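All remarks here apply to the structure that follows.
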Amino acid sequence: MEEGKACPICFEPMQGPEATPYGHVLCGECLRQWLSRSDKCPTCKNDVKKDNMVSVREAIHCLMAEHGAGTGPAGSELEELG
Ligand SMILES: [Zn+2]
Ligand SMILES: [Zn+2]
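Heads up: the sequence shown is residues 1301 to 1382, going by the working numbering.
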């Protein structure tokens, strides 16, 4: 059983995870560095437009719900994510 997914860029447990518009999660810092030299998702290579990143929090919440209980109240978990 995994305690947490490894970041596909630094291969360490993700710090401050953020998601691309395609639901692929990586460290927020890794994502910013990646997007500074690429405009494609590091995981699936689909185009990532900066404008799309506004939906990051929703994508993360969906992923957390998948891995978690799935029926928890929305909101409290997001605060912990920062
Ligand atoms: Zn990383
Ligand atoms: Zn992707």
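In this text, a Cβ means the ideal position worked out from N, Cα and C, and glycines have one as well.
Note that the structure is predicted; figures quoted are calculated from it, not measured.
For residue i, is the beta carbon positioned less than 8 Å from some heavy atom of ligand 1?
i     : result
L1326 : yes
C1310 : yes
E1318 : no
Note down, in chain order, each residue of its chain lying with its Cβ closer than 8 Å to the Cβ of residue i, except the 5 sequence neighbours on either side.
i     : result
A1306 : E1312, P1313, M1314
Can you tell me the Cα-Cα spacing of residue i and residue j, whole angstroms?
i     : j     : result
D1339 : N1346 : 8 Å
C1341 : C1310 : 15 Å
Are the CB atoms of residue j and residue i within a distance shorter than 9 Å?
i     : j     : result
T1343 : P1317 : no
Is residue i near ligand 2 - that is, is its Cβ less than 8 Å away from at least one heavy atom of it?
i     : result
K1345 : yes
Note down, in chain order, each residue of its chain lying with its Cβ closer than 6 Å to the Cβ of residue i, except the 5 sequence neighbours on either side.
i     : result
G1328 : G1316, E1318
Which of the three DSSP states is assigned to residue i in this structure?
i     : result
D1347 : strand
E1312 : coil
Go through its chain and collect everything with a Cβ distance to residue i's Cβ below 7 Å, but skip five positions before and after it.
i     : result
V1348 : T1320, P1321, L1335, D1339, K1340, C1341
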